[in-house]
Amino acid sequence: MATALIDRVRAGSPFDPDNESGYRRWREAKLARAPADVSALTIEVKDPGALTDAEHAAMLACCRDANMVVYASARLDADKDIPRRLGARFGLLHLDRNWLADDDGVSQVTVVETAGRGEFIPYTDRPIRWHTDGYYNPPGREIRAMLLHCVSRAGEGGTNRLLDHELAYLMLRDADPAHVRALMLADAMTIPARLDGDRVARPAQSGPVFSVDPGGGVLHMRYTARTRSIEWKQDPAVQAASAALERLLAAESPHIHRVTLAPGMGILCNNVLHDRTGFVDDPDRPRLLYRARYQDRIAGT
């Protein structure tokens with residue numbers, strides 16, 4: 001099932017399905033560094049908008065091991081400069097200015113009742129299934145990093161689950177190497193066109209689930225567990241692989257971490273797999289998160 005996409009994987013990459021010895025070495029090191037629980041991923045900082053060198057180093061070490069870090073601070077004010085400055089500290093400079101983001105590229109994720117944003121699940125109180133951000137973006141606009149900063153939490157619920165996409169790859173490859181081969185196909189997953197009346201607001205976008213950056217050799221994942229507005233390639237291997245991934249995400253795993261963000265907390269990650277439970281808002285202080293999506297990867301990872 002070789003494709004041009006797989007052929008672009010650099011020789012010696014542990015993500016090359018044909019490089020078993022390199023994969024085994026990477027796998028051993030990856031599992032040795034995997035955090036045992038969410039507390040091992042959480043770093044206390046004084047001000048996420050002005051990290052000390054020690055705070056930055058501690059957060060970066062988590063990201064190198066797990067592609068993500070949770071930070072906690074006493075910074076409770078609503079200031080969109082916080083995620084912008086924090087992102088810039090980690091070399092994240094190219095915001096994905098999607099049409100739902102504010103003019104500055106940072107989205108205010110909160111419940112919206114009106115048409116427009118309110119038609120999309122992140123702007124409701126409904127649960128969000130497993131996904132990586134920007135799975136509908138075209139090549140060249142991949143979301144490689146993402147930052148969530150909590151200003152106010154829900155009255156009840158709103159918990160995120162997090163899974164390092166490299167560990168998802170690892171578990172699928174361990175189950176059957178054919179699964180990762182199938183999910184590297186250039187047309188494994190298609191997001192149909194989004195229509196705005198009679199106008200195509202976003203064309204259909206096909207692409208792989210797993211891909212490897214030809215320059216840096218890092219693994220990128222593009223995925224959504226949605227059953228609507230998604231088309232899997234009508235190929236037995238792809239169908240089996242997508243079903244195996246769905247089962248993996250539905251099972252309990254020590255590698256899946258749960259966190260309910262409180263004010264002053266946030267998640268910085270290389271666009272790992274994540275979901276969100278439904279929630280009930282406090283009517284006096286609705287849930288509000290700032291979200292920044294980047295075309296960069298966290299520098300140093």
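If you're matching positions, the sequence shown starts at 1 in the numbering used here and goes up one per residue. Quick reminder that beta carbons are idealized off the backbone N, C-alpha and C, glycines included. For clarity, every value in this text was computed on a predicted model and none was experimentally measured.
Identity of the residue in the options nearest residue i by Cα
{"i": "Gln108", "options": "Asp296, Leu249 and Leu289", "result": "Leu289"}
{"i": "Arg291", "options": "Thr42, Val69, His255 and Ala145", "result": "Ala145"}
{"i": "Ala186", "options": "Pro283, Gln205 and Asp174", "result": "Gln205"}
{"i": "Met59", "options": "Asp284, Arg228, Val69 and Pro83", "result": "Val69"}
{"i": "Arg258", "options": "Leu41, Glu28, Tyr23 and Phe15", "result": "Leu41"}
{"i": "Asn67", "options": "Ala251, Pro236 and Glu166", "result": "Glu166"}
{"i": "Asp125", "options": "Ala54, Arg247 and Glu156", "result": "Glu156"}
{"i": "Arg228", "options": "Pro214, Gly215, Gly207 and Met189", "result": "Met189"}
{"i": "Ile128", "options": "Ser21, Ala225, Arg285 and Trp232", "result": "Ala225"}
{"i": "Ser253", "options": "Arg25, Ala36, Gly207 and Glu20", "result": "Ala36"}
{"i": "Pro138", "options": "Gly207, Arg247, Leu195 and Lys80", "result": "Gly207"}
{"i": "Asp174", "options": "Lys233, Asp196 and Ala241", "result": "Ala241"}
Where residue i falls: helix, strand or coil (DSSP)
{"i": "Arg228", "result": "coil"}
{"i": "Val200", "result": "strand"}
{"i": "Glu142", "result": "coil"}
{"i": "His94", "result": "coil"}
{"i": "Gln234", "result": "coil"}
{"i": "Val38", "result": "helix"}
{"i": "Gly118", "result": "Because Gly118 carries a pLDDT of 46, less than 50, the predicted location of this residue cannot be relied on, and no value is offered for it."}
{"i": "Gly157", "result": "strand"}
{"i": "Val111", "result": "coil"}
{"i": "Tyr136", "result": "coil"}
{"i": "Ser253", "result": "coil"}
{"i": "Ala188", "result": "coil"}
{"i": "Ala292", "result": "strand"}
{"i": "Tyr71", "result": "strand"}
{"i": "Val180", "result": "helix"}
{"i": "Gly22", "result": "helix"}
{"i": "Asp282", "result": "strand"}
{"i": "Gly207", "result": "strand"}
{"i": "Met221", "result": "strand"}
{"i": "Asp275", "result": "strand"}
Beta-carbon proximity list for residue i, same chain, < 8 Å, skipping 5 on both sides
{"i": "Arg245", "result": "With the sequence shown as reference, residue 245 is identified as Leu, and Arg is not the correct amino acid for it. Result list for Leu245: Ala168, Leu172, His179, Leu183, Val209 and Tyr223, in chain order."}
{"i": "Ala72", "result": "Thr42, Ile43, Glu44, Val45, Ala262, Gly264 and Met265"}
{"i": "Thr110", "result": "Tyr123, Pro286, Arg287, Leu288 and Leu289"}
Cut-off 7 Å between Cβ atoms - residues of its own chain near residue i, not counting five sequence neighbours on either side
{"i": "Gly158", "result": "Thr260, Arg276, Thr277, Phe279 and Arg287"}
{"i": "Tyr136", "result": "Ile191, Arg202 and Gln205"}
{"i": "Leu219", "result": "Phe15, His165, Glu166, Tyr169, Phe210 and Val212"}
{"i": "Asn19", "result": "Gly12 and Ser13"}
{"i": "His56", "result": "Arg89"}
Check whether residue i and residue j have beta carbons under 7 Å apart
{"i": "Asp96", "j": "Gln239", "result": "no"}
{"i": "Asp133", "j": "Ile143", "result": "yes"}
{"i": "Val272", "j": "Asp164", "result": "yes"}
{"i": "Pro48", "j": "Leu76", "result": "no"}
{"i": "Leu31", "j": "Arg89", "result": "no"}
{"i": "His365", "j": "Ile230", "result": "Nothing about residue 365 can be read from this structure; the chain reaches only from 1 to 301."}
{"i": "Arg181", "j": "Pro17", "result": "yes"}
{"i": "Gly105", "j": "Ala299", "result": "no"}
{"i": "Leu162", "j": "His255", "result": "no"}
{"i": "Asp281", "j": "Ala154", "result": "yes"}
{"i": "Leu268", "j": "Leu93", "result": "no"}
{"i": "Arg27", "j": "Thr301", "result": "no"}
{"i": "Arg293", "j": "Asn270", "result": "no"}
{"i": "Val151", "j": "Ala74", "result": "no"}
Own chain residues within Cβ distance below 6 Å of residue i, not counting five before or after
{"i": "Leu249", "result": "Trp130"}
{"i": "Val200", "result": "Ala193"}
{"i": "Asp176", "result": "none"}
{"i": "Cys62", "result": "Leu41 and Val69"}
{"i": "Ile6", "result": "Since pLDDT at Ile6 reaches only 49, below the 50 mark, its modelled position is unreliable, and no value is offered."}
Below-7 Å beta-carbon distance, residue i vs any chain C residue
{"i": "Val218", "result": "In the structure shown, chain C cannot be found, because there is only a single protein chain."}
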